[in-house]
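A.B. asks: Below you will find the structure I want to go over with you.
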Amino acid sequence: MNPLLAEFITETRELLERVSQGFLVLERNPGDAEALNGLFRGMHTIKGSSGIFEELGSLTRLVHAAEDVLDGVRQGQQQLTPEGADIFFEILDQVATWVDELEASETLGPGAGEASVQLVRRLRQWASGGGGRAEAKPGHEAPRETDALPSQESGENNEGVRELPWAAEVPEALRREWFRAAAEGAGRPVVVTYTPDEACFFAGDDPFHTVRNAPGVAWGTVQAREPWPDLGELDPYRCVLEFRLVCTAPEGEVEEWFRYVADQVRVETVVPSAWVRPTGEPSDPEPFGAFVHDAREWARGGRWENLRRAVGTALGVAGPELLSASALRWLDTVLATSDPDPGLVEWLIECVARGEVPPEGRQGEAGRPSGAGVSAGEPAETGGSGTSPAPLGDGHPDLVAAAVEILEAQRTLLASPVDPGIRRGVLRSVARVAESVLIGVGQTEVAARVSAALKASQTQGGGEPLREVLQDALAPLAAGLAGPEEDEAPSQTPAKKPEGPVPEPGGNGGQKVRVLRVDQARIDALMDLVGELVVAKNALPFLARKAEDVFQVRELAREIKNQHAVINRIAEELQGAVMQVRMVPVSHTFQRFPRLVRDLSRKLGKKVRLLMEGEETEADKNVVEDLTEPLVHLIRNSMDHGIEPPDERLAAGKTEEGEIRLRAVQLDDQVLIEVIDDGRGMDPEHLKRKAYEKGILSEERLDTITDQEALHLIFAPGFSTAPQVSNVSGRGVGMDAVRAMVDRVGGSVAVESEPGRGTCIRLSLPLSMAVTRVMIVEVGGQMLGVPIESVVETVRVPADGIHRIKGRETVVLRDRLVPLCRLGRVLALGRETADGRDEEAVLVVQVGGNELGLVVDRFHEGVDIILKPLEGILAGFRLYAGTALLGDGRVLLVLNLRELVACL
Amino acid sequence: MRRALIVDDAVTVRLYHRKILEEAGFQVEEAENGVEALEKALVTPYDLLLVDVNMPKMDGYTLLREVRSTPELEGVPAIMISTESEKHDREHAYRVGANLYLVKPVRPEAFRLLAALMARNGESR
Chain Y
52 MNPLLAEFIT ETRELLERVS QGFLVLERNP GDAEALNGLF RGMHTIKGSS
102 GIFEELGSLT RLVHAAEDVL DGVRQGQQQL TPEGADIFFE ILDQVATWVD
152 ELEASETLGP GAGEASVQLV RRLRQWASGG GGRAEAKPGH EAPRETDALP
202 SQESGENNEG VRELPWAAEV PEALRREWFR AAAEGAGRPV VVTYTPDEAC
252 FFAGDDPFHT VRNAPGVAWG TVQAREPWPD LGELDPYRCV LEFRLVCTAP
302 EGEVEEWFRY VADQVRVETV VPSAWVRPTG EPSDPEPFGA FVHDAREWAR
352 GGRWENLRRA VGTALGVAGP ELLSASALRW LDTVLATSDP DPGLVEWLIE
402 CVARGEVPPE GRQGEAGRPS GAGVSAGEPA ETGGSGTSPA PLGDGHPDLV
452 AAAVEILEAQ RTLLASPVDP GIRRGVLRSV ARVAESVLIG VGQTEVAARV
502 SAALKASQTQ GGGEPLREVL QDALAPLAAG LAGPEEDEAP SQTPAKKPEG
552 PVPEPGGNGG QKVRVLRVDQ ARIDALMDLV GELVVAKNAL PFLARKAEDV
602 FQVRELAREI KNQHAVINRI AEELQGAVMQ VRMVPVSHTF QRFPRLVRDL
652 SRKLGKKVRL LMEGEETEAD KNVVEDLTEP LVHLIRNSMD HGIEPPDERL
702 AAGKTEEGEI RLRAVQLDDQ VLIEVIDDGR GMDPEHLKRK AYEKGILSEE
752 RLDTITDQEA LHLIFAPGFS TAPQVSNVSG RGVGMDAVRA MVDRVGGSVA
802 VESEPGRGTC IRLSLPLSMA VTRVMIVEVG GQMLGVPIES VVETVRVPAD
852 GIHRIKGRET VVLRDRLVPL CRLGRVLALG RETADGRDEE AVLVVQVGGN
902 ELGLVVDRFH EGVDIILKPL EGILAGFRLY AGTALLGDGR VLLVLNLREL
952 VACL
Chain C
1069 MRRALIVDDA VTVRLYHRKI LEEAGFQVEE AENGVEALEK ALVTPYDLLL
1119 VDVNMPKMDG YTLLREVRST PELEGVPAIM ISTESEKHDR EHAYRVGANL
1169 YLVKPVRPEA FRLLAALMAR NGESR
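Protein sequences, first through last, are from chains Y and C. Note that this note's numbering has the first sequence beginning at 52, numbered continuously upward. Note that this note's numbering has the second sequence beginning at 1069, numbered continuously upward.
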């Protein structure tokens, strides 16, 4: 991607985030001038940057309009209402969408122009007191509303091609129809110029087919781009055609159709007046003399009705094939519109008067010079005082024009009322610039006078001497008398005084790069390598054991072990360092929630305050990114089901405004994220009943399930407690998604709730997902990994310490009842007859807030692994979280404890 | 080599202008706002300042006024560049001592020539 565009994307995203936060602050605190200025500046910066890219016109126009209206707010002419903020947020969303599109395809989608115009229109409507309703009647808004737009920037009516040289080729009736439709706001046809690539046939293109089936083709033509050669030399495989089409389908649809040949196609809208072009036989103007006389009068006075009647009369006597008649028909059409363009009318009258099309082109057209060309084209404005003198004809017109522009600017500067305090600096800078420019264009004699003039100006305190020098320099330049002596090669400095040693480029070496922006892919690659290193080093202990056991070289084994310790330390530090690079604060994710809460409170009619704590807490970028979606679900859920409507809250003796707290805390190598609301809480009995009704809970489980377990039912797939499905949440998928995400990253989730008081949902997530630590246990000869964060302890329990309680094997561990699970049996791995043992190895793990004892054959060490999820046909085998490669090349299956519990 | 300082809070704009100025033969440095620009300019003698108007901390107008009233900096050629094409914006720029006022986005060819012409030689008295 073009690095400039890439930079724009990053920058704009950051700005959008900032602006959006500014709006939230402002809504809470309408008087916050700092927030207002900040977000104004953000908008301004986005506009400035997007202006660099010609193809981002739609985006620039939209942001510009937003900036304009914000300026009104800043000046105090306008109050930012919630409705207004809604529109601004929509604009931010739209821009964000476009930025995404830019990232994906480097262009804005086909509907961009339309979307931009719509939003601008609504924004202006709101700003002008219309309330900014989304459902403004489309019929009403067509031509007039656009007039309210700043005409330079986004007037849709003025947008598009103004001159269509081949317009006359199109039958007049069609053109009149399009003109009428466009003038009535019924949309305007799109002009397509399709110049197929010369080698297009080899690319499998079929231009004729493409063109014929384009949406809404109203007219079309094809011709050769170059004269046809002799038949003998004709290369039939080279496409030299050019197609011109006029389509009545929406622009977006047309662009969509031509998307595969987008580089060979120009799709443009056309200003309605471009269709206006009388055609026919040149005629003797004499018979229309009287009409022309009257018509000019009426046109000047704007008496369209009279004029139109006269047109009707004149048409009756004109031969229809004549150009005059065509002009009259056009007059009739133009006059039939609600607001005829006077310039156009006069021009048409002129056509009638001459019996031919006047050669000097058309004037008028809403006061715009007709030479403006395709408006999406080059940015015409280069600033300066706009003086572009006649070229010198010496081969360097640009150079001279630039010199004149700069010198003129110096004159303007000298004439400006500057503060006395900067007077001296201004004079010096003018002198310096003038000297530089004059030498640059070869006026060395005048240049030599500059420093004397500066001295004179300084002593007089006015700029007169300098102004005279400028005058003397400008006169010959502008008059084209003095040809420059050297061409544009600014790097070769004329032999001036090479004063003192030039400061070395490294002279400013004191400053250092503080922040480095790195493509995430590079860090990911680094992380992958580190991961591989971590696993590869696990091979060393195996090697050491092999050296000792198989080859009987104890000495070597010891050295390998020592070396392993060293590599292990380096690998761990390396891993830590890379992980540090990937750490980002959770605020990246938290930032969006104020907006979410605001929007939802408005939708739900509830009052909610969001408090965020610990936004600076850091975690791996992937974890933070994956966090977003579950948190959205959790917050939606709290807002929808947790927080009560204001009246209900008041009745319950609570404050009218509900509160949601979003907290992040780092705890060892975990991040805890809590979503706490002070809403109505959850009733375990209610949840149980609900789950039973939905068939999620069997009848026997209904009796044994604890309250704590019942709370976890909300994470079951298909469980929704909402009495009615609202449009915010409650389709019973959200919480399920939360648990799925938490499982995926190897975290856990806990729920606490007190009916009437509120709910707290706590996600514990690993700081990083790249490397997982597991404990290896052996069952029936098979090695299994258990995520170390789930492991509570390892114990050996005497066989007679195992009791059957409620039909389940259970042990008592320091006053806790821990149910047992014989892994060998559940996984069908073990010989079930291992019961003869007098003590059992039990790995106590914590799953979903409950403890469970896994009965295994043997404990092994803990290892760092890179977990690879099961793929393909095995992916459905959910008892295992995935596999990992051990240092000795064996594959380790890692248990998914939550699934294990579910199938007990 | 001639040095130019780009003062603009937008990274994209800085990057865009940097490329053009480098093509014009400048060694380019950047500052994000007026304060940073002043700090840099007091250390390094620049041959050209390219100054945006709207910036946090210190805007372009203030920066230019500071530059023109600081003896060590006062004579440095300065281009003010802005998105606004209104007359009063232009006038404001000249009032604070800009040597040229350009409207964004600038056309690279034109801008390259203007910048090169304005600062052909190093510091001159």
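The beta-carbon is built from N, C-alpha and C at its ideal position, and this holds for glycine as well. Bear in mind the structure is a predicted one, so any value in this text is a computation, not a measurement.
Name the chain C residues whose beta carbon is nearer than 7 Å to that of PRO958/Y?
C.D. replies: Since the displayed chain Y opens at 52 and closes at 955, residue 958/Y lies outside it and no answer follows.
A.B. asks: For ALA850/Y, count neighbouring Cβ atoms within 10 angstroms of its own Cβ and tell me buried if that reaches 16, exposed if not.
C.D. replies: Working through the first sequence from its first residue, we reach residue 850/Y at position 799. Per the 10 Å Cβ criterion, exposed.
A.B. asks: Would you mind telling me which residues of chain C sit closer than 9 Å to ASP449/Y, beta carbon to beta carbon, in chain order?
C.D. replies: Locating residue 449/Y in the first sequence gives position 398, counting from the first residue. Correct list: GLU1177, ALA1178, LEU1181.
A.B. asks: Taking the alpha-carbon of ASN947/Y as reference, which of CYS954/Y, THR934/Y, LEU930/Y has the nearest alpha-carbon?
C.D. replies: By one-based count along the first sequence, residue 947/Y stands at place 896. Per the Cα distances, LEU930/Y.
A.B. asks: Counting only Cβ-Cβ distances shorter than 7 Å, please list the residues of the stretch 1142-1157 of chain C near chain Y, keeping chain order.
C.D. replies: For the stretch 1142-1157 of chain C, which is checked against every Cβ of chain Y, the residues closer than 7 Å are GLU1142, GLY1143, VAL1144, PRO1145, ALA1146, THR1151, SER1153.
A.B. asks: Nearest to VAL408/Y by CA position, among ASP345/Y, GLN461/Y, GLY353/Y, ARG328/Y, is which residue?
C.D. replies: On the first sequence, residue 408/Y is found 357 positions in, with the first residue counted as 1. For VAL408/Y, the nearest C-alpha among the options comes from ARG328/Y.
A.B. asks: Could you say which of PHE252/Y, GLU62/Y, GLY493/Y lies nearest to LEU528/Y if we only look at CA atoms?
C.D. replies: As a working note, residue 528/Y is residue 477 in the first sequence. With distances taken between Cα atoms, LEU528/Y lies closest to GLY493/Y.
A.B. asks: With a cut-off of 8 Å, does the C-beta of VAL120/Y fall near any C-beta of chain D?
C.D. replies: Given the protein chain composition of this structure (Y and C), no chain D is represented.
A.B. asks: Cα separation between TRP177/Y and GLU302/Y?
C.D. replies: Position 126 of the first sequence, counting from 1, holds the residue named residue 177/Y. Position 251 of the first sequence, counting from 1, holds the residue named residue 302/Y. Each residue's alpha carbon lies about 27 Å from the other.
A.B. asks: Spatial neighbours of VAL907/Y within its chain, please: C-beta separation below 7 Å, excluding the five flanking residues on both sides.
C.D. replies: Translated into the one-based positions of the first sequence, residue 907/Y becomes position 856. So the list reads VAL828, GLU829, VAL830, LEU874, ALA892, LEU894, once near-sequence residues are dropped.
A.B. asks: Mark ASP939/Y as exposed unless 16 or more other C-beta atoms lie within 10 angstroms of its C-beta, in which case mark it buried.
C.D. replies: One-based indexing of the first sequence puts residue 939/Y at position 888. With fewer than 16 Cβ atoms within 10 Å of its Cβ, ASP939/Y is classed as exposed.
A.B. asks: Start and end of the alpha helix (DSSP H) containing CYS402/Y?
C.D. replies: Against the first sequence, residue 402/Y aligns to sequence position 351. 393-405 is the extent of the alpha helix (DSSP H) around CYS402/Y.
A.B. asks: Taking 8 Å as the CB-CB limit, is GLY437/Y close to chain C?
C.D. replies: To locate residue 437/Y, count along the first sequence from 1; it is residue 386. With a pLDDT of 34 at GLY437/Y, under the threshold of 50, the predicted position of this residue should be treated as unreliable, though the coordinate-derived value follows. No, no contact with chain C.
A.B. asks: Grouping DSSP H, G and I as helix and E and B as strand, with all else coil, what is THR364/Y?
C.D. replies: Numbered from its first residue, the first sequence carries residue 364/Y at position 313. Here THR364/Y sits in helix by DSSP.
A.B. asks: Compare the beta carbon distance of ARG239/Y and ALA233/Y with 8 Å and say whether it is the shorter of the two.
C.D. replies: For the purposes of this step, residue 239/Y is taken as the residue at position 188 of the first sequence. For the purposes of this step, residue 233/Y is taken as the residue at position 182 of the first sequence. Contact: yes.
A.B. asks: Leaving aside the five residues before and after ARG649/Y along the sequence, list all residues of the same chain whose C-beta is less than 8 Å from its C-beta, in chain order.
C.D. replies: In the first sequence, residue 649/Y corresponds to position 598, counting from 1. The residues are LEU75, GLU78.
A.B. asks: Using the Cβ count rule (16 or more neighbours within 10 Å means buried), how would you classify ARG263/Y?
C.D. replies: Your numbering for residue 263/Y matches position 212 in the first sequence. ARG263/Y comes out exposed.
A.B. asks: Per DSSP, PHE901/Y forms a beta bridge with which residues?
C.D. replies: As a first step, residue 901/Y must be located in the first sequence, where it is residue number 850. A small fix is needed here, since residue 901/Y is Asn in this sequence, not Phe. VAL898/Y, per the DSSP bridge assignment.
A.B. asks: Please report whether the beta-carbon of LEU67/Y lies at a distance below 8 Å from any beta-carbon of chain C.
C.D. replies: Taking the first sequence and counting its residues from 1, the one referred to as residue 67/Y is at position 16. So, not an interface residue.
A.B. asks: Take the Cβ of LEU903/Y as the centre, count every other Cβ of all protein chains shown within 10 Å, and call the residue buried at 16 or more, exposed below.
C.D. replies: Taking the first residue of the first sequence as position 1, residue 903/Y is located at position 852. Answer is buried; the Cβ neighbour count reaches 16.
A.B. asks: Cβ of VAL396/Y within 8 Å of Cβ of LEU382/Y?
C.D. replies: Here residue 396/Y corresponds to residue number 345 of the first sequence, with the count starting at 1. Here residue 382/Y corresponds to residue number 331 of the first sequence, with the count starting at 1. Cβ distance < 8 Å, so VAL396/Y and LEU382/Y count as in contact.
A.B. asks: Rounded to whole angstroms, what is the Cα-Cα separation between GLU1154/C and ALA1161/C?
C.D. replies: Working through the second sequence from its first residue, we reach residue 1154/C at position 86. Working through the second sequence from its first residue, we reach residue 1161/C at position 93. Each residue's Cα considered, the two are about 11 Å apart.
A.B. asks: Per DSSP, which one or two residues make a beta bridge with GLU725/Y?
C.D. replies: For the purposes of this step, residue 725/Y is taken as the residue at position 674 of the first sequence. Answer is ARG714/Y, ARG813/Y.
A.B. asks: Measuring only between beta-carbons, confirm whether ARG479/Y sits less than 8 Å from chain C.
C.D. replies: The count along the first sequence starts at 1 and reaches residue 479/Y at position 428. Yes, ARG479/Y lies at the interface with chain C (some Cβ there is under 8 Å from its Cβ).
A.B. asks: Measure the alpha-carbon distance for ASP248/Y versus TRP349/Y and round it to whole angstroms.
C.D. replies: Walking along the first sequence from the start, residue 248/Y turns up at place 197. Walking along the first sequence from the start, residue 349/Y turns up at place 298. Cα to Cα, ASP248/Y sits roughly 52 Å from TRP349/Y.
A.B. asks: Could you name the residues of the same chain whose beta carbon sits closer than 7 Å to that of ARG1175/C, not counting the 5 residues immediately before and after it, in chain order?
C.D. replies: Within the second sequence, residue 1175/C is the residue found at index 107, counting from 1. So the list is empty, once near-sequence residues are dropped.
A.B. asks: Please return the same chain residues whose Cβ sits closer than 7 Å to the Cβ of GLU1107/C, not counting the five positions on each side in sequence.
C.D. replies: Taking the second sequence and counting its residues from 1, the one referred to as residue 1107/C is at position 39. Once the five neighbours on either side are set aside, GLU1107/C has no close Cβ partner at all.
A.B. asks: Nearest to GLY921/Y by alpha carbon, out of LEU937/Y, VAL945/Y, VAL305/Y, ALA346/Y?
C.D. replies: Translated into the one-based positions of the first sequence, residue 921/Y becomes position 870. Residue identity differs from the one stated: residue 921/Y is Leu in this sequence, not Gly. Closest by alpha carbon: VAL945/Y.
A.B. asks: For CYS872/Y and LEU955/Y, what's the separation of their Cα atoms in angstroms?
C.D. replies: Locating residue 872/Y in the first sequence gives position 821, counting from the first residue. Locating residue 955/Y in the first sequence gives position 904, counting from the first residue. Computed Cα separation, rounded: 8 Å.
A.B. asks: With a threshold of 8 Å on Cβ separation, who are the neighbours of GLU276/Y within its own chain once the five nearest residues in sequence on each side are excluded?
C.D. replies: Numbered from its first residue, the first sequence carries residue 276/Y at position 225. Checking the sequence, you will find Arg at residue 276/Y rather than Glu. If we look at ARG276/Y and ignore the five residues flanking it on each side, its Cβ neighbours are THR246, VAL291, LEU292, GLU293.
A.B. asks: Shortest alpha-carbon distance to GLU157/Y belongs to which of LEU285/Y, MET834/Y, GLU106/Y?
C.D. replies: Start at 1 with the first residue of the first sequence, and residue 157/Y comes out as number 106. Measuring from the Cα of GLU157/Y, the nearest candidate turns out to be GLU106/Y.
A.B. asks: Whose Cβ in chain Y lies nearer than 7 Å to the Cβ of ALA1078/C?
C.D. replies: As a working note, residue 1078/C is residue 10 in the second sequence. Going along chain Y in sequence order, the residues near ALA1078/C (Cβ under 7 Å) are GLU62, THR96, GLY99, SER100.
A.B. asks: Should TRP229/Y go down as buried or exposed, given a rule of 16 or more other Cβ atoms within 10 Å for buried?
C.D. replies: Residue numbering aside, residue 229/Y sits at position 178 when the first sequence is read from its first letter. With 16 or more other Cβ atoms within 10 Å, it is buried.
A.B. asks: For LEU1187/C, return the contacting residues in chain Y, with the cut-off set at a CB-CB distance below 9 Å.
C.D. replies: The sequence position of residue 1187/C within the second sequence is 119, counting from 1. Reading the sequence as shown, one finds Ala at residue 1187/C and not Leu. Those within 9 Å of ALA1187/C in chain Y are ARG483, VAL484, SER487, PRO541.
A.B. asks: Which of the three DSSP states is assigned to LEU285/Y in this structure?
C.D. replies: For the purposes of this step, residue 285/Y is taken as the residue at position 234 of the first sequence. Looking at LEU285/Y - three-state DSSP - the assignment turns out to be coil, as it is neither helix nor strand.
A.B. asks: Is it buried or exposed, ILE812/Y, if we count other Cβ atoms within 10 angstroms and call 16 or more buried?
C.D. replies: Position 761 of the first sequence, counting from 1, holds the residue named residue 812/Y. By the 10 Å Cβ count, ILE812/Y comes out buried.
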